[in-house]
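Chains as they are written, first to last, in the numbering used here: chain E, 44 to 409; chain X, 14 to 175. Yeah, the Cβ is synthetic: ideal placement off N, Cα and C, and Gly gets one too. Take a look at the structure below.
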């Protein structure tokens, strides 16, 4: 196979998608962003930012430098409202491509204003996922678009490959500076240093942080430094093969879970991107099968109804989780939130379940 | 989208990603990290010295007209409305040197006074920013703070409404 053909294969055949799987992914992603990933911390936060004197307006180098102060609260509210409309349209599949692009752009702009206090949080994947997936035609089914005349029902998998490339590269950008900074030097235990920094300066002291601060094993911490760098750099290499990439996504879930337990950092936005690489068609088929078994209905309508049931169930779960999280009755002393902890534990259980199923299937085949 | 267009997009992204990373490195070195950029946090620092760790901590010492002793407030308590993940960046950008804070406008000082009043529960007249370097090491399996060095200490005279 020539290089040209390989390149073509990589772009178009690395990941397989179906209209149903993408439709389900669109709905779950929309709900996930709506409940947990909208930039900023709501109206109060926007009002606070709008009130900050321009002396403290420190936009990161880029287009926002054209402004000389934070925008008024009305601008924040306008962008927030625009984002909500776009996300609801994305959820319902109404002009899905346009809605997804609008959601991506408004997330990006809101993030830009929030980061103009002088610190960029690395959450661009929240904007990237809807923006890229807009081109997969993830509104092909289970959408208002699908009942419009002349609607194109073909779906594309290349946006998933492109997202893998972005995620792999961004992971590389997390690993490369660590090499320059001395993480691989056996005389430095950098992960341990970061743990102390988070523990004492930012008072991130939940879960295992207190225990790990006292845990002093040079070999353990140095291995952790090396493993972190190899994992983050290796992510870029894994982009060339979809199976490797999915293994790295599994490692990423384990990595973020351990980071949450020790450094109390959840990196929740990344999970939106990782979720794209789940086998959504299988999730859709399993859900349909269970719905049909439970209700006894077999017709074509059961496809839509099974999906609506799952979507409503997910929305309710997210709503309850969001509400419980906002009550702030656990993790009170931490900036970790209940929903972050629950979602990361759920993601961990999912990858353990996928791993166990793979092992069982392999054993059965033998 | 046509196959040719998609291939062109991929080639453009493959060229763009390393290029923008180079730009992020250069701009970040001279100013701060640009936005938007397709990068994740590097956590480059190692916080290590000799056989221990050095951890930088900033405090706000809030004085009122009467009391001699200040009320010491952690930055995250001084700016509780800011997400914790953004507080260190905010400090790095605005509270690193005496020169920077001397240029603050009356409006900014009034805004800081409001925060100081709220955080310390006093009628604040003066804010002293203290940047310390704390040194930690493990002794007998217990983590201890060996010593503390004050790196920077500068004062902001707070004013009421401008």
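To the nearest angstrom, report how far apart residue i and residue j are at their CA atoms.
i	j	result
residue 156(E)	residue 350(E)	36 Å
residue 288(E)	residue 319(E)	12 Å
residue 229(E)	residue 146(E)	45 Å
residue 268(E)	residue 226(E)	6 Å
residue 49(E)	residue 166(E)	32 Å
residue 216(E)	residue 277(E)	11 Å
residue 224(E)	residue 16(X)	41 Å
residue 13(X)	residue 31(X)	No statement about residue 13(X) is possible, as the shown extent of chain X runs from 14 to 175 and does not include it.
residue 62(X)	residue 144(X)	18 Å
residue 211(E)	residue 385(E)	25 Å
residue 33(X)	residue 151(E)	17 Å
residue 273(E)	residue 29(X)	24 Å
residue 395(E)	residue 321(E)	13 Å
residue 67(E)	residue 49(X)	29 Å
residue 354(E)	residue 130(E)	14 Å
Against chain X, with Cβ distances strictly below 8 Å, would residue i count as a contact?
i	result
residue 214(E)	yes
residue 164(E)	yes
residue 245(E)	yes
residue 317(E)	no
residue 151(E)	yes
residue 256(E)	yes
residue 70(E)	no
residue 52(E)	no
residue 299(E)	no
residue 483(E)	The structure shown does not extend to residue 483(E), since chain E spans only 44 to 409, so no value can be given for it.
So, are the CB atoms of residue i and residue j less than 8 Å apart?
i	j	result
residue 307(E)	residue 379(E)	yes
residue 100(X)	residue 140(X)	no
residue 19(X)	residue 54(E)	yes
residue 298(E)	residue 200(E)	no
residue 125(E)	residue 73(E)	no
residue 325(E)	residue 56(X)	no
residue 125(X)	residue 97(X)	no
residue 167(X)	residue 121(X)	no
residue 155(X)	residue 257(E)	yes
Flag residue i as yes if its beta-carbon sits less than 8 Å from any beta-carbon of chain E, otherwise no.
i	result
residue 179(X)	Chain X is shown from 14 up to 175; residue 179(X) falls before or after that span and cannot be answered.
residue 94(X)	yes
residue 140(X)	no
residue 163(X)	no
residue 49(X)	yes
residue 70(X)	yes
residue 151(X)	yes
residue 58(X)	yes
residue 55(X)	yes
residue 52(X)	yes
Taking all protein chains shown into account, decide if residue i is buried (16 or more other Cβ within 10 angstroms of its Cβ) or exposed.
i	result
residue 327(E)	buried
residue 21(X)	exposed
residue 162(E)	buried
residue 185(X)	In the structure as shown, chain X begins at 14 and stops at 175. Residue 185(X) is therefore absent and cannot be evaluated.
residue 73(X)	buried
residue 195(E)	exposed
Query - Validate contact between the stretch 238-255 of chain E and the stretch 372-390 of chain E using beta carbons, cut 8 Å, 3 pairs - result: yes
Query raised in the report: When you check each C-beta in the stretch 202-229 of chain E against every C-beta of chain A, which residues fall closer than 7 Å?
Result: Of the protein chains in this structure, namely E and X, none is chain A.
Query - Contact between the stretch 125-140 of chain X and the stretch 78-91 of chain X (3+ Cβ pairs under 8 Å) - result: yes
Requested in this report: Decide if the stretch 196-211 of chain E is in contact with the stretch 171-180 of chain E; the criterion is three or more beta carbon pairs, one per stretch, under 8 Å apart.
Outcome: yes
Query raised in the report: Are the stretch 328-341 of chain E and the stretch 83-101 of chain E touching by the rule of at least three beta carbon pairs closer than 8 Å?
Result: no
Query raised in the report: Between the stretch 116-125 of chain X and the stretch 95-112 of chain E, are three or more C-beta pairs nearer than 8 Å?
Result: yes
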